[in-house]
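First the structure, in the form of structure tokens, and then the observations on it.
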Amino acid sequence: MPRTASAVFRDCVQRPARIKSSRGNPFLRGLLKDIVAIYPGSFDPVTNGHLDLIHRGSKLFDRLIVAIARNMDKAEPLFEMDERKEMLEAMTSELDNVSVDIFEGLLVQYCVEKNANAVLRGIRAVSDYEFELQMALMNRKMEPRVETVFMMPAEKYSYLSSRIVREIANLGGPLTGLVPEMVEERVRRKIAQKQTYAAGLHLKRRAKS
Ligand code: PNS
Numbered sequence: 000m001p002r003t004a005s006a007v008f009r010d011c012v013q014r015p016a017r018i019k020s021s022r023g024n025p026f027l028r029g030l031l032k033d034i035v036a037i038y039p040g041s042f043d044p045v046t047n048g049h050l051d052l053i054h055r056g057s058k059l060f061d062r063l064i065v066a067i068a069r070n071m072d073k074a075e076p077l078f079e080m081d082e083r084k085e086m087l088e089a090m091t092s093e094l095d096n097v098s099v100d101i102f103e104g105l106l107v108q109y110c111v112e113k114n115a116n117a118v119l120r121g122i123r124a125v126s127d128y129e130f131e132l133q134m135a136l137m138n139r140k141m142e143p144r145v146e147t148v149f150m151m152p153a154e155k156y157s158y159l160s161s162r163i164v165r166e167i168a169n170l171g172g173p174l175t176g177l178v179p180e181m182v183e184e185r186v187r188r189k190i191a192q193k194q195t196y197a198a199g200l201h202l203k204r205r206a207k208s
């Protein structure tokens, strides 16, 4: 015989030790939150906008996995995957329910692997919406058990993206307030390395011709 909501509630409140998980039981969800969310992205590099969203997500979900996508389509990245992971780990170390990982392949497959029930994505402006909607609906078609949750970062980050950070840094502009200090330092070092390497290559080519 199916159990009533009040019986489930009694079990949950009076004998919480017996209940290991709310997963699969709609009565318990909300009483015993057990929501694992994945926050996927390129994070090349992590910005203050990403960190704002991670802090918001960590308050909403029981566990939040920041998942760096190994994306073969993207043009030459600034940072290697391990470097991005290292920076994200350093920036989220004080958040107990947040971990950082790298994934490859379909996001929804990764969600199933991690028993995640939600995907967290940030929407900064209306211009983000079309792409995000397409992605959320396609992900839902492939894996209906996973919901996409959109959150807005603070308004002061609504114009911020990793791409714009890379562009400003490449042209020697200021990154203050856009990324944490430690990330700014690493971005500057990385760009200086790349520029020295490119200049060396250019000189070699000229010497050959
Ligand atoms: O930071 P980004 O570049 O906006 O992140 C995009 C990302 C990594 C979330 C998206 O490209 C993704 O989910 N890639 C994994 C491959 C996948 O599942 N593709 C189908 C999406 S409908």
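Each step along the sequence shown adds one to the number in numbering that gives the first Met the number 0, with nothing skipped, and position 162 is 161.
Glycine included, C-beta positions come from ideal geometry on N, C-alpha and C.
With hydrogens ignored, establish whether the beta-carbon of residue i is closer than 7 Å to any heavy atom of ligand 1.
i    : result
L94  : no
G40  : yes
L52  : no
N47  : no
A117 : no
If I follow the unbroken beta strand (DSSP E) through residue i, where does it start and stop?
i    : result
G121 : 117-121
E146 : 146-150
Y158 : Taken as a continuous stretch (DSSP letters only), Y158 belongs to no beta strand (DSSP E), as it is neither H nor E.
A124 : Careful: A124 lies outside any beta strand (DSSP E) and carries neither H nor E.
Once you ignore the five residues that flank residue i on each side, which residues in its own chain have a CB closer than 8 Å to its CB?
i    : result
M80  : I67, R69, I101
V164 : P44, T46, L174, L177, V178, V186
L52  : Y38, L119, G121, M150, P152
Give every residue of the same chain whose Cβ lies closer than 6 Å to the Cβ of residue i, excluding the five residues on either side of it in the sequence, and list them in chain order.
i    : result
R123 : S157
Y109 : F102
L119 : A36, Y38, G56, V148
What residue does the alpha helix (DSSP H) around residue i start on, and which one ends it?
i    : result
D81  : 80-91
A198 : 180-207
Identify, in the order they occur along the chain, each residue of the same chain with its Cβ nearer than 7 Å to the Cβ of residue i, setting aside the five sequence neighbours on each side.
i    : result
V182 : P44, V45, M86
V111 : E142
V107 : N138, M141, E142, V145
Between residue i and residue j, how many whole angstroms is the CB-CB distance? I'm expecting something under 8 Å.
i    : j   : result
P179 : M90 : 6 Å
S160 : F42 : Not a contact, Cβ separation roughly 11 Å.
H49  : G40 : 7 Å
Would you check whether ligand 2 has a heavy atom nearer than 7 Å to the C-beta of residue i?
i    : result
M150 : Within the structure as shown, ligand 2 is missing, the only ligands being ligand 1.
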